[in-house]
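In this note's numbering, the protein residues as written are 451 to 637.
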């Protein structure tokens, strides 16, 4: 098994049991639900891997995400995750991850009822991460090549918080993860 696959599995094994803010799911449950939602929607392998790993930035750092909405929830996890994923997977996986926070801001700005559907943790982080977008920020987001994928990922992200949801094992996603590795794509 490639070292990067071992690292991803070890990261989830070591830190996946962390709570996802004040959500009723762990980081691992949230990741698996997001990945499954992508699979069920017929997403490409790259977008499925992005959905599965979109919050890995929370897990790559020693500090756990704050469990209280009284704290600042903007830990820049999308940037941390992007740096990690871009190195190993390229833009089609990394860019939707980089953009999933901005996608939340975009949806809350362009669809006024979207904010009311966010969980308390997502609503708090939305405001900590910048809140409503300016028209210039909206245009910049819409100019991103992977902005449609980021919007799809955002919807799965906001849905993947069901403590009763049955999920597959992380190993189920290994074929998709492996197929998306730069070293396998570049062959």
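Every residue gets a Cβ at the ideal spot worked out from N, C-alpha and C, and that includes glycine.
If we call anything under 8 Å between Cβ atoms a contact, is residue i one with residue j?
i	j	result
residue 493	residue 547	no
residue 477	residue 509	yes
residue 531	residue 632	no
Compute the Euclidean distance between the alpha carbons of residue i and residue j, then round it to the nearest angstrom.
i	j	result
residue 593	residue 467	36 Å
residue 555	residue 527	15 Å
residue 604	residue 451	30 Å
residue 518	residue 480	A caution first: residue 518 carries a pLDDT of 49, below 50, which makes its placement in the model unreliable, though a value can still be read off. Spanning the two alpha carbons is a distance of roughly 18 Å.
residue 578	residue 552	12 Å
residue 619	residue 597	29 Å
residue 460	residue 565	34 Å
residue 544	residue 490	21 Å
residue 617	residue 602	20 Å
Name the residue from the options whose alpha carbon lies nearest to the alpha carbon of residue i.
i	options	result
residue 464	617, 558, 491, 512	512
residue 570	474, 462, 457	474
residue 457	591, 506, 598, 544	506
residue 529	539, 549, 580	549
residue 589	568, 545, 509, 559	559
residue 600	557, 537, 453, 539	557
If you follow the alpha helix (DSSP H) that residue i is part of, which residue opens it and which one closes it?
i	result
residue 535	527-539
residue 510	Residue 510 -> no alpha helix (DSSP H), and no H or E assigned at all.
residue 585	585-592
residue 453	453-465
* Please confirm if the stretch 603-616 is in contact with the stretch 584-592, defined as three or more CB-CB distances below 8 Å between the two stretches. => no
* Asked: On the three-pair Cβ rule with 8 Å, is the stretch 478-491 touching the stretch 501-512?
  -> yes
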